[in-house]
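Its first residue numbered 44, the sequence shown is counted upward by one per residue in the numbering used here. Virtual Cβ for every residue (Gly too), placed ideally from N, Cα, C. All of these numbers come straight from a predicted model, not from anything done at the bench. What follows is a set of notes on a single structure, which appears directly below.
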Amino acid sequence: MRIWRGPDALRVGGPQERAMLCVLLLQESRVVSAAELIDALWGETPPDRALATVRTYASRLRRTVGSDVLVSEAGGYLLRVAPGELDLTVCERYQAQAQQARAEGDLSAAREALDKAVVLWEGEPLAGVAGPYAHAQRERLAQFKLGLLELRSEISLEAGLHNDVISDLTALAAQYPLRERLRALLMLALYRSGRQAEAFDVYADIRRLLADELGVDPGPELAELHQRILQADPTLTAPARPVTVPGRAAVPVPRQLPAPPAIFTGRSRELARLDDALGRDGDHGATLVISAIGGTGGIGKTWLALHWAHQRVKDFPDGQLYVNLRGFDPAQSPMPPGAALHTFLEALGASPRSIPADLDAQAALYRSLVAERRMLIVLDNARNSEQVIPLLPGGTSCTVLVTSRQQLPSLITAHCARPITVDTLDDAEGYRLLADHLSPARVATEPEAVADLLERCGGLPLALGVVAARAALRPDFPLAHLAAELRADPNRLDAFDTGEITASVRAVFSWSYHALTPPAARLFRRLGHYPGPDISTTAMAALAGTTTEQLRPPLAELARAHLIDEYSPGRYTLHDLLRAYAAELAEAIDTKDERHDAVRRILDHYLHSAANAQAYVTRSPHSIALPPHAPGVAPVKPADQGAAIVWLSSELPVLDAAMELATDTDFVTHAWQLAGILTTFLDMQGHWHSAVATHERVLHAAQRAGDTAGQAWMHAGLAWALGRLGRHGNARHHLDRALALFTELGDRTGQARMHQHAAWLLGFQQGCSESLTHSRQAHALYEADGNLSGMAHALNSISVDLCLLDRCQEAVAPCEQALHMFEQLGSPHGQAATWDSLGYIHHHLKEHDRALACYSNALELHQHLGDRYRQGEILTRSGETHLAAGDPEAARTAWQRALEIFLELDHPDAEAVQARLRDVRTDGYGAPL
44 MRIWRGPDAL RVGGPQERAM LCVLLLQESR VVSAAELIDA LWGETPPDRA
94 LATVRTYASR LRRTVGSDVL VSEAGGYLLR VAPGELDLTV CERYQAQAQQ
144 ARAEGDLSAA REALDKAVVL WEGEPLAGVA GPYAHAQRER LAQFKLGLLE
194 LRSEISLEAG LHNDVISDLT ALAAQYPLRE RLRALLMLAL YRSGRQAEAF
244 DVYADIRRLL ADELGVDPGP ELAELHQRIL QADPTLTAPA RPVTVPGRAA
294 VPVPRQLPAP PAIFTGRSRE LARLDDALGR DGDHGATLVI SAIGGTGGIG
344 KTWLALHWAH QRVKDFPDGQ LYVNLRGFDP AQSPMPPGAA LHTFLEALGA
394 SPRSIPADLD AQAALYRSLV AERRMLIVLD NARNSEQVIP LLPGGTSCTV
444 LVTSRQQLPS LITAHCARPI TVDTLDDAEG YRLLADHLSP ARVATEPEAV
494 ADLLERCGGL PLALGVVAAR AALRPDFPLA HLAAELRADP NRLDAFDTGE
544 ITASVRAVFS WSYHALTPPA ARLFRRLGHY PGPDISTTAM AALAGTTTEQ
594 LRPPLAELAR AHLIDEYSPG RYTLHDLLRA YAAELAEAID TKDERHDAVR
644 RILDHYLHSA ANAQAYVTRS PHSIALPPHA PGVAPVKPAD QGAAIVWLSS
694 ELPVLDAAME LATDTDFVTH AWQLAGILTT FLDMQGHWHS AVATHERVLH
744 AAQRAGDTAG QAWMHAGLAW ALGRLGRHGN ARHHLDRALA LFTELGDRTG
794 QARMHQHAAW LLGFQQGCSE SLTHSRQAHA LYEADGNLSG MAHALNSISV
844 DLCLLDRCQE AVAPCEQALH MFEQLGSPHG QAATWDSLGY IHHHLKEHDR
894 ALACYSNALE LHQHLGDRYR QGEILTRSGE THLAAGDPEA ARTAWQRALE
944 IFLELDHPDA EAVQARLRDV RTDGYGAPL
């Protein structure tokens with residue numbers, strides 16, 4: 044870490060002063076409180092006179108850098124760093140330039156920008172700087188630099204410079220031997236350079252290292268790449284390039300196909316029919332339906348679809364979309380078409396906030412985005428035609444591949460889909476499948492036993508796979524012994540209500556189950572209760588009522604027996620037939636209390652984990668008071684706000700399934716508490732239509748259970764989400780119901796929140812005196828309850844209402860009082876909102892300089908919080924103030940920044956900002972609002 048004033052290098056004092064300078068520099072012109080500095084310098088063991096010491100360091104640093112650079116402000120210190128003065132900021136700017144150039148297809152410019160970024164790094168980041176903060180930042184910056192190097196290698200590979208990056212990647216892989224992304228890039232570079240054997244050596248080396256040091260296998264990216272190199276996948280020689288969607292920024296080509304099956308045998312007739320259907324259409328798309336005769340589950344429909352899709356991936360240069368529609372999932376409801384559309388739209392570049400709530404509007408946007416693009420769309424495990432039809436593109440450039448246990452006759456008749464039926468494997472194909480799993484020699488030595496196994500498995504690929512896995516784990520056992528064990532078990536897995544499970548599957552599954560140790564068998568039964576498409580290790584530990592350390596041996600045993608699959612590090616799933624079998628065993632073996640406790644623990648895990656993450660996101664605990672979680676539950680505790688957002692985003696499908704499980708198993712309180720806790724996060728992410736669907740489902744459950752508190756919270760959540768979607772009439776209905784229920788419960792805080800919601804809804808009618816009445820009622824209720832945070836929010840609402848009623852001078856005092864309260868409470872969200880309101884008030888008082896200063900404070904806080912949308916809102920209002928102050932150039936600058944944000948989010952507010960920019964450009968000044 045070095046610092047200059049002009050051409051002169053400055054000398055900074057001892058290690059602690061350098062550590063303090065490090066903190067102030069990396070905060071980039073933000074006020075750092077004395078308490079933050081003490082924590083950064085000494086952690087949990089500060090000296091007795093830590094505050095005085097910090098002041099001494101500040102005085103010395105001020106003499107070094109100048110009193111105009113380091114200033115005391117608001118109980119802390121601020122180091123003024125102008126744009127371009129911090130090399131880290133310059134590096135981040137180069138990184139952004141590279142990403143933009145890459146998105147626009149200018150790979151040369153992207154690589155040039157990254158070269159400029161990398162050259163700024165010299166040695167270890169923050170070398171010689173002491174303290175816990177510097178240590179954490181050193182790790183962060185090292186990872187940032189490594190990410191830059193990986194990005195440069197990726198872009199070089201996209202540009203065809205595979206020979207040029209091999210030496211750099213080899214050195215980096217040696218420096219970071221367990222970094223799987225580096226190994227994947229090196230393997231690809233070697234393969235494209237004609238050095239296939241060396242690429243395999245790289246994979247073998249990291250596979251050995253991971254097994255020896257961590258006891259794990261390579262992750263899905265490496266494993267898939269290894270498989271594709273083995274298969275000489277032609278797409279490896281044609282790297283994906285960004286696609287530009289008309290009217291929006293370039294987005295990466297979606298490549299959503301899961302990995303193809305590692306072992307695939309037979310199906311030559313079906314593959315030929317798929318090729319023929321695609322070939323006959325030439326450049327036109329086709330809707331291809333794979334349906335199993337008799338609706339047999341585990342027949343290999345998905346394997347066939349994925350195998351063919353990966354073979355023909357070069358025919359779809361604009362990308363591949365994939366979704367599991369969960370049509371016959373025993374633990375979850377089929378995926379609604381709207382949820383699938385939401386996933387596809389995000390993959391195609393649409394931001395969550397811009398996706399319409401109406402299903403028809405979603406489908407129209409989806410059809411527009413895929414129009415004239417050559418894409419493959421795989422709709423896996425469809426329940427019926429009604430689930431599929433909204434997901435069909437409108438044009439003829441895309442190919443749609445649908446798998447289902449039903450024949451989907453209306454899709455065939457109304458949409459010209461071509462049915463391709465999949466039956467069980469014949470004996471020759473089943474034989475080859477076993478031989479591929481076990482080795483031709485072993486199968487050839489016991490033809491009678493193999494024939495017996497084939498007969499018992501009935502040609503079902505899933506059953507054959509489980510048998511082969513079991514036999515592979517016992518290479519010393521003759522196959523005749525395994526066939527005899529299977530023959531001796533007369534039980535059969537009962538059919539689901541669709542009648543789609545073959546007679547032999549239970550025998551195969553039970554054979555694997557009975558070979559488990561008691562802990563592994565108990566864990567397998569518990570997995571019959573887990574919600575969602577997958578489950579994490581920590582959630583599985585809660586389900587089992589054990590620690591993650593105690594979970595490892597039985598979990599590893601299940602993985603070895605192929606009864607569970609770790610499809611990504613730390614996340615597991617199992618086939619729906621296996622899950623149904625696990626649930627059946629739990630019903631037969633475990634007591635009612637054991638099953639009840641398992642469901643309680645998994646719901647407690649998700650509820651308390653979501654509450655912990657939400658508290659980080661909003662910087663305050665939720666108003667819903669949760670009871671203690673059950674013993675044996677260790678909720679997730681994210682390390683920081685970023686980790687909390689990542690956890691909530693990745694777990695949303697599971698949390699939604701957890702709420703469905705709660706409503707189905709009479710844990711209604713868990714359902715509404717979880718829905719209520721997620722409301723703020725769903726709002727911040729713009730998932731308002733998802734919030735409506737979730738709250739409606741849980742509301743009905745709370746009504747059936749007579750749970751008044753649950754009904755009140757769900758009506759409140761619906762009022763907020765519907766208001767965000769502009770459905771103000773429906774929102775007001777739910778708001779009135781929530782207010783009545785909170786009043787019935789005697790919950791003053793709940794009543795206050797509803798009055799605030801009412802004020803917000805009425806605020807859309809500018810100058811509405813009823814809004815002010817509601818804000819004042821909210822303040823009175825918060826005050827009676829002693830809720831300081833609520834009082835501050837209500838004061839902020841009062842000030843805005845007064846301004847909307849043209850009583851702006853009167854609005855200043857309550858707004859400043861709210862700001863003071865939020866500062867005392869340490870609420871950055873509250874401070875940001877109140878600075879924004881003050882800016883609005885001073886703008887209308889024509890005090891433009893004060894308004895701009897307030898907006899600047901609000902903008903800085905929202906930047907720190909990572910709230911991009913509200914940054915755009917504030918920049919929009921700042922532009923209006925600049926324009927009113929007679930500075931159209933500053934207005935254009937603010938609006939241009941706001942426009943960039945709204946375009947990045949793909950938010951409809953971009954249109955209004957573009958209109959303001961056009962107005963200013965037309966007359967050079969523009970008319971202020």
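Query raised in the report: Three-state secondary structure (DSSP) at P50?
Result: Per DSSP, reduced to three states, the secondary structure at P50 is coil, with no helix or strand assignment.
Query raised in the report: Is the number of C-beta pairs between the stretch 749-764 and the stretch 772-782 that are closer than 8 Å three or more?
Result: Enough Cβ pairs lie closer than 8 Å, so yes.
Query - Local Cβ density within 10 Å of T706, reported as buried at 16 or more and exposed below that - result: Classification of T706: buried, given that the 10 Å Cβ count is 16 or more.
**Report entry** Sub-8 Å separation of S818 and S840 beta-carbons
**Finding:** Going by C-beta atoms, S818 is nearer than 8 Å to S840.
**Report entry** Cβ shell of V676 (< 6 Å), same chain only, five flanking positions each side left out
**Finding:** When the five nearest sequence neighbours on each side are left out, the beta carbons in the same chain lying within less than 6 Å of the beta carbon of V676 are those of A585, R644, D647 and H648, in order along the chain.
Query raised in the report: Since Q363 contacts P297 with CB under 8 Å, what's their CB separation in whole angstroms?
Result: That belief holds up - the Cβ atoms of Q363 and P297 are roughly 7 Å apart, short of 8 Å.
Requested in this report: Under 8 Å Cβ to Cβ from Q957, same chain only, skipping five residues before and after it: list those, please.
Outcome: Listed in chain order, the non-local C-beta contacts of Q957 below 8 Å within the same chain comprise L942, local neighbours out to five positions each way being set aside.
**Report entry** Coarse secondary structure for A62, derived from DSSP in three states
**Finding:** When DSSP states are grouped into helix, strand and coil, A62 belongs to the helix group.
Query - Closest by C-alpha distance to Y659, when choosing among E609, V679, V963 and A275 - result: Here the closest residue by C-alpha is V679.
Query raised in the report: DSSP on P681, reduced to helix/strand/coil?
Result: Collapsing the DSSP output to three states places P681 in coil.
Query raised in the report: Going by alpha carbons, who is nearest to K357 out of L321, G575 and V741?
Result: Residue nearest to K357 within the set L321, G575 and V741 is L321 (criterion: CA-CA distance).
Report task. List in chain order: all unbroken alpha helix (DSSP H) runs of 4+ residues lying wholly within the stretch 419-449. Result -> You should have 428-431.
Query - Nearest-angstrom Cβ-Cβ length linking W803 and D750, presumed shorter than 8 Å - result: That belief does not hold up - the Cβ atoms of W803 and D750 are roughly 26 Å apart, past 8 Å.
Query - Nearest to L225 (by Cα), restricted to the options R235, Y234 and L212 - result: In terms of Cα proximity to L225, the closest of R235, Y234 and L212 is L212.
Query raised in the report: Are the stretch 250-262 and the stretch 383-392 touching by the rule of at least three beta carbon pairs closer than 8 Å?
Result: With a cut-off of 8 Å, the stretch 383-392 and the stretch 250-262 do not count as touching, because too few Cβ pairs lie within range.
**Report entry** Simplified DSSP state of G56, which is helix, strand or coil
**Finding:** DSSP places G56 in coil when its eight states are reduced to three.
**Report entry** Minimum C-alpha distance to V55 - residue among I81, L601 and G171
**Finding:** Cα-wise, what sits closest to V55 is G171.
Query - Identity of the residue in R73, C811, E267 and A77 nearest D844 by Cα - result: Ranked by how close their Cα comes to the Cα of D844, the residues R73, C811, E267 and A77 have C811 in first place.
Requested in this report: Please classify Q794: is it buried, with 16 or more other beta-carbons within 10 angstroms of its beta-carbon, or exposed?
Outcome: So Q794 ends up on the buried side.
Requested in this report: Give the C-beta separation of A406 and P433 to the nearest angstrom, bearing in mind that I take them to be a contact with Cβ-Cβ under 8 Å.
Outcome: So it is a contact: roughly 5 Å between Cβ atoms.
Query raised in the report: Is it true that the CB of L725 sits closer than 8 Å to the CB of A734?
Result: Their beta carbons are under 8 Å apart, which means A734 touches L725 by this criterion.
Query raised in the report: Going by other Cβ atoms of all chains shown within 10 Å of its Cβ, with 16 needed for buried, is D577 buried or exposed?
Result: Counting Cβ neighbours within 10 Å, D577 comes out buried, since at least 16 surround it.
Requested in this report: Please list, in chain order, all residues of the same chain as R940 whose beta carbon is under 6 Å from its beta carbon, the five residues on each side excluded.
Outcome: Spatial neighbours of R940 in its own chain (CB-CB distance under 6 Å, excluding positions within 5 residues in sequence) are listed in chain order as L918.
Requested in this report: Let me know the alpha helix (DSSP H) ranges lying completely inside the stretch 699-770, each 4 residues or longer, listed in chain order.
Outcome: If we require 4 residues or more, the alpha helix (DSSP H) runs fully inside the stretch 699-770 come out as 711-728, 731-748 and 751-767.
**Report entry** Cα-Cα separation, A526 to L300
**Finding:** Spanning the two alpha carbons is a distance of roughly 36 Å.
Query raised in the report: alpha helix (DSSP H) containing I249: first to last residue?
Result: Taken as a continuous stretch (DSSP letters only), the alpha helix (DSSP H) holding I249 covers Q239 to E256.
Query raised in the report: Is I578 helix, strand or coil when you go by DSSP?
Result: Correct three-state label for I578: strand.
Query - Alpha-carbon to alpha-carbon, A146 and A293 - result: With a pLDDT of 48 at A293, under the threshold of 50, the modelled position of that residue is not reliable, and the figure given next carries that caveat. So the alpha carbons of these two residues sit roughly 5 Å apart.
Query raised in the report: For E609, does the three-state DSSP call read helix, strand or coil?
Result: It is a strand residue.
Report task. Quick one: grab the DSSP three-state call for G929. Result -> Here G929 sits in coil by DSSP.
Query raised in the report: In the structure shown, what three-state DSSP assignment does L364 receive?
Result: Under the three-state reduction of DSSP output, L364 falls in the strand class.
**Report entry** Residue ranges of each beta strand (DSSP E) within the stretch 176-241, 3 or longer
**Finding:** Secondary structure remark: continuous beta strand (DSSP E) runs of at least 3 residues inside the stretch 176-241: none found.
Query raised in the report: Nearest-angstrom Cα distance between G190 and I198?
Result: Whole-angstrom Cα-Cα distance: 12 Å.
**Report entry** Sequence ranges, alpha helix (DSSP H) only - wholly within the stretch 72-110, length at least 4
**Finding:** For the stretch 72-110, whole alpha helix (DSSP H) runs of length 4 or above, ordered along the chain, are 77-85 and 93-108.
Query raised in the report: Short check: CB of A625 to CB of R638, under 8 Å?
Result: No, these two residues do not count as a Cβ contact at 8 Å.
Requested in this report: Kindly indicate which three-state DSSP category L113 falls into: helix, strand or coil?
Outcome: If DSSP states are grouped into helix, strand and coil, L113 belongs with the strands.
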